[in-house]
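In the working numbering, the protein residues as written are 342 to 638.
The structure appears right after this line, and notes come after that.
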């Protein structure tokens, strides 16, 4: 394979991985405390939308990213309150939140920006690309790391930080104990409900950050339902990675690679088919992973 083509595919894989990785980390932190959060899709989507709106009206991409994070956390508060505190059905709440955000962003797209379908404007500022001195001039490596934003790098730092927090700190063990047995953790003085609600808010913030890089990273625009199932793919990545941050990096890169391959093949295969590659990979991967878990039992 041509080295330049290989570098392009790896670079595309890394960029495609970021939104999935961030959302998968959000899914993992919820699973660690025993909360099944399927509202990741809506949290990514609201992060993408709010980021573009704030970007357009302020011209400050960093403020836009911050607002994306806050928007994701705000939407996740619905899950935190209704599902965790009041114990509403997780499937009902998660699906409702996803549908609510999908409809809300479509309405607000027309109400605030005056367009339907998608919004793009020359005034929108993209996330700045990070060029590492010396490294950018290294053959192949420089091409692989080309056009990456600070969020791309930050996602891996957050994964490492989450690993250290969960498995190397007392607070991390408290988090895990809540997920394993909330009542037993409570008998030890650990505030299980509080930890669960905070975990869901952190999950929303991570998804909002993923939404920001989705709408202001590779492209600088918003289109209706542009999360395109990434929330569900992230849940699959978290499941494959056994909710462990380091393994989640690997599983997320797998899905990022599938998406990168799909984009690369669009000149050869109809785009309608290539766009299905990540979802087919999700089904195959989960089926294989599920069979392995059943055999272990």
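Virtual Cβ for every residue (Gly too), placed ideally from N, Cα, C.
None of the values given here were measured: they were computed from a predicted structure.
- Bounds of the alpha helix (DSSP H) holding residue 419 are 402-419.
- Within the same chain, Cβ atoms closer than 8 Å to the Cβ of residue 399 are found at 405, the five residues on either side in sequence being excluded.
- In the three-state reduction of the DSSP assignment, residue 481 falls in the coil class.
- Here residue 397 is buried, its C-beta having at least 16 other C-beta atoms within 10 Å.
- Taken in chain order, the unbroken stretches of alpha helix (DSSP H) that lie wholly in the region 576-618 and span 4 residues or more are 586-605 and 612-615.
- Shown here for residue 575: same chain residues with a beta carbon closer than 6 Å to its own, the five before and five after excluded, namely 361, 364, 365, 368 and 381 in chain order.
- Remark: C-beta atoms of residue 545 and residue 414 approach each other more closely than 8 Å.
- Around the beta-carbon of residue 478, fewer than 16 other beta-carbon atoms lie within 10 Å, marking it exposed.
- By the CB criterion at 8 Å, residue 551 and residue 359 fall inside the cutoff.
- For residue 386, the closest of 577, 623 and 412 by C-alpha to C-alpha distance is 412.
- DSSP, reduced to helix, strand and coil, places residue 354 within a helical segment of the structure shown.
- Nearest Cα to residue 495 within the set 457, 573, 590 and 583: 590.
- Judged by DSSP in its simplified three-state form, residue 514 adopts helix.
- Beta-bridge partners assigned by DSSP to residue 459: 564.
- Secondary structure note for residue 389: its alpha helix (DSSP H) is the uninterrupted segment 381-399.
- Here residue 521 carries a helix assignment [DSSP, helix/strand/coil].
- Secondary-structure assignment with DSSP links residue 532 through no beta bridge to anything.
- Buried is the label assigned to residue 378, since at least 16 other Cβ atoms lie within 10 Å of its Cβ.
- The region 480-495 and the region 504-524 do not touch, with fewer than 3 CB-CB distances between them shorter than 8 Å.
- Residue pairing from DSSP places residue 470 in a beta bridge opposite 490.
- By the C-beta criterion, the region 531-546 is judged not to be in contact with the region 345-358, since fewer than 3 inter-stretch pairs fall below 8 Å.
- For residue 451, the enclosing alpha helix (DSSP H) stretches over residues 431-454.
- Collapsing the DSSP output to three states places residue 424 in a helix.
- In this structure, DSSP gives residue 377 a state outside helix and strand, which the three-state scheme calls coil.
- The C-alpha of residue 407 lies about 11 Å from the C-alpha of residue 389.
- The beta-carbon distance between residue 557 and residue 402, rounded to whole angstroms, is 6 Å. This is short enough to meet the 8 Å contact definition.
- Excluding its 5 nearest sequence neighbours in each direction, residue 461 has C-beta neighbours in its own chain below 6 Å: 562, listed in chain order.
- Of the candidates 581, 440, 464 and 497, the residue whose Cα lies closest to the Cα of residue 566 is 440.
- When Cβ pairs closer than 8 Å are counted between the two stretches, the region 465-485 is seen to touch the region 342-351, the count reaching three or more.
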